[in-house]
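There are 2 protein chains.
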Amino acid sequence: MACLPQPRGLLPLWTWLLLAGGAAEAGKLLVLPMDGSHWLSMGMVVEKLHRSGHEVTMVIPEVSWRLGSSVPYPVRTYKPSYTLEDYNRVFRRFADNQWDDIPKDLSSALSNPNTTVLFEYLFSNCRSLFQNAELLRFIRESAFDAIFFDPFDQCGFVVAKYFSLPSVAFTRGLFCHFLEEAAQCPSPPSYVPRGMSGLSESMTFAERLQNYVHYLQEVSLCSLFLQTPVNIAGDILQRPLTVKELYRDTDIWLLRTDFVFDYPKPLMPNMVFVGGITCHESKPLSEEFEGYVNASGEHGIVVFSLGSMVSEIPMAKAMEIADALGTIPQTVLWRYTGKPPSNLAKNTKLVKWLPQNDLLGHPKTRAFITHAGSHGIYEGLCNGVPMVLMPLFGDQMDNAKRMESRGAGVTLNVLEMTSADLSKALKTVINDKSYKENIMRLSALHKDRPISPLDLAVFWVEFVMRNKGAPHLRPAAHDLNWFQYHSLDVIAFLLAIVLTVVFIAVKSYMFCCQKCFGKKGKAKKAPKSKSH
Amino acid sequence: MACLPQPRGLLPLWTWLLLAGGAAEAGKLLVLPMDGSHWLSMGMVVEKLHRSGHEVTMVIPEVSWRLGSSVPYPVRTYKPSYTLEDYNRVFRRFADNQWDDIPKDLSSALSNPNTTVLFEYLFSNCRSLFQNAELLRFIRESAFDAIFFDPFDQCGFVVAKYFSLPSVAFTRGLFCHFLEEAAQCPSPPSYVPRGMSGLSESMTFAERLQNYVHYLQEVSLCSLFLQTPVNIAGDILQRPLTVKELYRDTDIWLLRTDFVFDYPKPLMPNMVFVGGITCHESKPLSEEFEGYVNASGEHGIVVFSLGSMVSEIPMAKAMEIADALGTIPQTVLWRYTGKPPSNLAKNTKLVKWLPQNDLLGHPKTRAFITHAGSHGIYEGLCNGVPMVLMPLFGDQMDNAKRMESRGAGVTLNVLEMTSADLSKALKTVINDKSYKENIMRLSALHKDRPISPLDLAVFWVEFVMRNKGAPHLRPAAHDLNWFQYHSLDVIAFLLAIVLTVVFIAVKSYMFCCQKCFGKKGKAKKAPKSKSH
């Protein structure tokens, strides 16, 4: 295919925007974000909405890590039931626990006390928010056009319902099977791997069995896990309700994934895929990092980060890792805030923070060691860097599986791996050219889209503000119970008709036979008796 | 919401396109279109692809109505098995038949000889194409990047398979359940009305029953209807194959609908919705039509067309219609080529052709009488004109139902309606303001999208050319048989385990009981005998 000089389709897009909406309209948006890495991409959407002239107000708890600091739009806070020290302690215990044990199944993951206590903290925020009368009055009087929220702590659903606000949820997914239930989206467990199962789309019979059992566990256990937020919602809304009832009025689901990263599966019209928002052109490196990269010579560098939530790891594991890193000729830049391992090799530089996307975008970067958080994965994917994946919790096992099954990375069990395993994995993704080729192909596919994920996310938030929701995208399935949805009443009715017809036919046939053969029998017998 | 002066998101889109693909690439595209109204929107996509610098070649039969005339790109023809006279005669018989009888169900629609003979003509094109050795050599030597086809005559699938070409299908839908089967898209018959059922998304039990029976008819009858093209495909590809096998390798399905017009339902990632391509800003009217509109005074005009395929109607029906049109104060512009009805009122102007979109876009247009073809519906919808819908065949019943159920039009049974019915329907959509409000709301929603349907269609054809298909959007469901897809083997296995466990438990319990009570019995009996 020969190159033509002009980029395509710009003028018509412009024309269409003008034709469709005329000048942009400024709306009033209530934002309920989630702390931690979740805010990385949602923050970019909110910032762009603010820059577009919308009146954005963010509501957050007083206690948080990265929310509300230095944002250019108003922030309202409420007092949570815990202090920052409590929050840090509970999170530390949760994070440290990941180094002891990777849960074997959904049941053990959901019932781990270190997990449940963290979630009880998060879930309690909603009660705290609704105890702040002044904040409630402010929200009511502000007459927001819509609410834009991260559903992880569940409170966005409650606020949307309480104030009857059109709503846009921004998330990687929901717990268990609830996104499918809330959006009425079919998801056959025969080829759609369940969340946190760590399975791929191509499953053996045993894996399909495992996936199905995982699904059965979701259906039977997950409502229990979400009992607290559902009870809180019930208290606030003053009526009992189920998880599905709490979730199902969401107008648009902005999902932080796409089908270059995720496996193809059924969708619904109000699901919009915006994976890759944090990928942007890499900026020039600071002097410090430029120095590291330049000094790496022909071998280049490896970027190593376990994400913003995990910066320390047990010393024995750290030494094992350090040992492995010393076996490759690349310079390794390792984001690590703990005590340096004593066996750190010369090629390994520990840094407290690193410009991840800018480093991944550097042509000398050969590999990325990551915990497989979705933001990190997308930065690796966008920049075309093969990965060594060391998933720890949440969706990370699934994310790792997706990269591995596409030949773009090697997954390691971080608890069981040896130094040799890590060394081998690194050498594989760096030296086996297929990994680089595959991640470059995925990178090109991911970027080949008609509109950037950030613009798409902004468009749909604005759409919901402009149109007071998106009820035209709500499927009629919401009006059916599960019996009707699966047409079981119709099938039962048809079966009843068929059985009745068969019954009548058989009875009629038997009756006829009886009559005919009875008569024949008699008729035959009669002549016989006569002949005698 | 106050107005801001700047249109949104232009610079980032530009940046994204530059970042993503760099300069646009010119590809080689093979186009297999369908004659008649189908070409209206597909032609616009092909024209834009040609203007974007792609090397487009269209392959069509020598005999056609509107294909190939005055297009600015090369056209290659093959000799079909029929003459233009045959084609016109068969189509006229098919069209005339619509005035005699509206089929009661799918079975009678598919078995009508006037329908089947028309389709046998269309299906035979593929055999004719493959009998043209020179054309086949040309296609092979051209090394096209992709094929872009209308699947109505089925031949695009065969050409794509024969030459192993990545493919984009452009259609309103496929016959029966085959789109869902080909794309592995779930479609619960409890709320997704089957094609040609004329049902809405909100169904009573009786309607759900009807929809389910319609679905059963599709599954049992439709393969027979498509036996000819499947046999032709089998002969050409030299292996027996099913309809699903013929369809399922299509990379992208460009579907001429959206969820303002259609009801929300499950989708798959390789389905792209591009309804409304023919809607564009209306151009100024010619002197003739400007004269009619100006002379209509305060009452304005009504636009009446039964589409490009039906221009004549039986005289008795035409007189009934003419009678009704005389009862409204609006001027009616009626596209009609038959003998003028003798009772034509003064307010009714017969024209052989009318600039439909431009008239519908005129502010004095009060209503649109249409056969509910999808192109016409979208032009009415874009321009916000309430409709009186007189569906005749194919998807028209469904299209009419969608507009009616949204309060944007009134549907009439064209065979059974009286003059009074049409008069009443016209007065209703013109005078009841809710119809205008509803169609204006739908119009605004339809236009409120991040990218125009034409640009979106062009993007995906280019995507498939650039990337040699879209295998990353192909769900793993294609690798499962129906038993596995529905997890029936897994469920059977789990049931077997449960039953075995229950069986062993019951047997063990009974064995224990027998042992215990047996012993106890004996033990009890022993002391008793001793005591005696």
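Keeping their order, the protein sequence lines are chains A and B. Here the first sequence is numbered in the numbering used here, starting from 1 and rising by one per residue. Here the second sequence is numbered in the numbering used here, starting from 1001 and rising by one per residue. No residue lacks a Cβ here, since even glycine has one placed at the ideal position from N, Cα and C.
Taking C-beta pairs closer than 8 angstroms, name the residues in chain B that leucine 209/A reaches, listed in chain order. Ordered by position in chain B, the residues that pass the 8 angstroms Cβ test against leucine 209/A are Val1490, Phe1493 and Leu1494.
Can you give the Cα-Cα distance for asparagine 1357/B and cysteine 1155/B, rounded to whole angstroms? Going from the Cα of asparagine 1357/B to the Cα of cysteine 1155/B covers about 31 angstroms.
Going by C-alpha to C-alpha distance, which of Ile1301/B, Pro1341/B, Gln1131/B and Val1260/B sits closest to aspartate 1323/B? The candidate whose alpha carbon is nearest that of aspartate 1323/B is Pro1341/B.
Taking Cβ positions only, does histidine 1472/B come closer than 8 angstroms to chain A? Yes, histidine 1472/B counts as interfacial toward chain A.
Proximal chain B residues relative to glutamate 201/A, where beta-carbon distance stays under 7 angstroms: Chain-ordered, the chain B residues with CB closer than 7 angstroms to the CB of glutamate 201/A read Ala1476.
Using beta carbons (cut-off 8 angstroms, strictly below), is cysteine 1516/B in contact with chain A? Chain A places no beta carbon closer than 8 angstroms to that of cysteine 1516/B, leaving this residue out of the contacts.
Please identify the residue among Thr1327/B, Gly1300/B, Asn1399/B and Gln1396/B whose C-alpha is closest to the C-alpha of lysine 1364/B. Taking only the C-alpha atoms, the option nearest lysine 1364/B is Gly1300/B.
Run of the beta strand (DSSP E) containing methionine 271/A, from where it starts to where it stops: Judged by DSSP secondary structure, methionine 271/A falls within the beta strand (DSSP E) whose first and last residues are 271-273.
Given a threshold of 16 other Cβ atoms within 10 Å of its Cβ, counted over all protein chains shown, does alanine 477/A qualify as buried or as exposed? That one is buried.
Residues sharing a beta bridge with glycine 338/A, DSSP: The partner list for glycine 338/A (beta bridge, DSSP) is empty, contrary to what the question assumes.
Check whether valine 1410/B and proline 1166/B have beta carbons under 8 angstroms apart: No, Cβ-Cβ distance for valine 1410/B and proline 1166/B is not below 8 angstroms.
Rounding to the nearest angstrom, what Cα-Cα distance links threonine 1015/B and glutamate 134/A in this structure? At threonine 1015/B, the pLDDT of 42 sits below 50, so the modelled position is not reliable; the number obtained from the coordinates is stated separately. If you draw a straight line from the Cα of threonine 1015/B to the Cα of glutamate 134/A, it is about 43 angstroms long.
Out of Leu30/A, Ile102/A, Leu129/A and Ala492/A, point me to the one whose CA is closest to leucine 412/A's CA. Checking every option, the nearest Cα to that of leucine 412/A belongs to Ile102/A.
I'd like to know whether the C-beta atoms of leucine 254/A and valine 230/A end up nearer to each other than 8 angstroms. With contacts defined by Cβ atoms closer than 8 angstroms, leucine 254/A and valine 230/A do not form a contacting pair.
Using 8 angstroms as the limit for Cβ to Cβ distance, is arginine 1402/B near chain A? In terms of beta-carbon proximity, arginine 1402/B stays away from the interface with chain A, with every pair separated by 8 angstroms or more.
If you reduce the DSSP assignment to three classes, tell me which class arginine 366/A lands in. Strand.
Distance check for arginine 1092/B and glutamate 1085/B, CA to CA, integer angstroms please. A direct Cα-Cα distance of roughly 10 angstroms separates glutamate 1085/B from arginine 1092/B.
My parser needs the alpha helix (DSSP H) runs of 4 or more residues fully inside the stretch 340-418 of chain A; what are they? Note on the stretch 340-418 of chain A: whole alpha helix (DSSP H) runs with a minimum of 4 residues are 356-360, 374-383 and 396-405, in chain order.
Neighbour-count burial assignment, proline 1386/B, 16 or more Cβ in a 10 Å radius: In the assembly as shown, proline 1386/B is a buried residue. Its beta-carbon has 16 or more other beta-carbons within 10 Å.
Continuous alpha helix (DSSP H) stretch holding lysine 104/A: start and end: For lysine 104/A, no alpha helix (DSSP H) encloses it, and the DSSP letter there is neither H nor E.
Per-residue DSSP class, three states only, for tryptophan 482/A: DSSP places tryptophan 482/A in helix when its eight states are reduced to three.
Whole angstroms are fine: how far does the CA of leucine 136/A sit from the CA of serine 1282/B? The alpha-carbon of serine 1282/B is positioned some 48 angstroms away from that of leucine 136/A.
Nearest chain B C-beta to lysine 283/A closer than 8 angstroms, yes or no? Put simply, the CB of lysine 283/A is far from chain B, with every gap to its CB atoms at 8 angstroms or more.
Write down the C-beta distance between serine 1487/B and arginine 208/A rounded to the nearest angstrom, noting that I regard them as a contact closer than 8 angstroms. With a beta-carbon spacing of about 7 angstroms, serine 1487/B and arginine 208/A fall inside the 8 angstroms limit used to define contacts.
Which residues, taken in chain order from the stretch 253-266 of chain A, show a beta carbon closer than 8 angstroms to some beta carbon of chain B? Going along the stretch 253-266 of chain A in chain order, one finds Phe259, Val260, Tyr263, Pro264, Lys265 and Pro266 with a Cβ nearer than 8 angstroms to chain B.
So isoleucine 1504/B contacts chain A; which residues on that side make the cut at Cβ distance below 9 angstroms? Residues of chain A whose Cβ lies closer than 9 angstroms to the Cβ of isoleucine 1504/B do not exist, since the nearest Cβ in that chain is about 20 angstroms away.
Which residues does DSSP list as the beta-bridge partners of valine 1332/B? In the DSSP output, where bridge partners are listed per residue, valine 1332/B has Val1302/B and Thr1348/B.
Measuring CA to CA, which of Trp1039/B, Val1056/B and Cys1279/B is closest to tryptophan 1065/B? Comparing Cα-Cα distances from tryptophan 1065/B to each of Trp1039/B, Val1056/B and Cys1279/B, the minimum goes to Trp1039/B.
For serine 1142/B, verify whether its CB is less than 7 angstroms away from any heavy atom of the ligand ADP. No copy of the ligand ADP appears in this structure; indeed no ligand is present at all.
Answer with buried or exposed for glutamate 1218/B, where buried requires no fewer than 16 other C-beta atoms within 10 angstroms of its C-beta. Taking all protein chains in view, the Cβ of glutamate 1218/B is crowded by 16 or more other Cβ atoms within 10 Å, so the residue is classified as buried.
Do you know whose CA, among Pro1450/B, Val1075/B and Ala1457/B, lies nearest leucine 1049/B's CA? Checked all of Pro1450/B, Val1075/B and Ala1457/B; the closest Cα to leucine 1049/B is Ala1457/B.
Cutoff 8 angstroms; reference serine 443/A; Cβ partners in own chain excluding five residues on either side: Close CB contacts of serine 443/A within its chain, under the 8 angstroms cut and outside five residues either way in sequence, are with Leu381, Cys382, Asn383 and Gly384 (chain order).
Backbone CA spacing between phenylalanine 503/A and glutamate 1180/B [nearest angstrom]: If you take the alpha carbons of phenylalanine 503/A and glutamate 1180/B, they lie about 36 angstroms apart.
Residues in the same chain with beta-carbon distance under 7 angstroms from glycine 1021/B, minus the five sequence neighbours each way, listed in chain order, please. Legend: pLDDT at glycine 1021/B = 43, less than 50; position of this residue unreliable, no value from coordinates given.
Is the beta carbon of valine 46/A less than 8 angstroms from the beta carbon of valine 31/A? Yes; because the gap between Cβ atoms is below 8 angstroms, this pair is in contact.
If contacts are defined as beta-carbon pairs under 8 angstroms, then leucine 222/A and phenylalanine 175/A qualify, I think. What distance do you get, rounded to the angstrom? The residue you asked about is not leucine; residue 222/A is cysteine in the sequence shown. About 6 angstroms separates the two Cβ atoms, so the contact holds.
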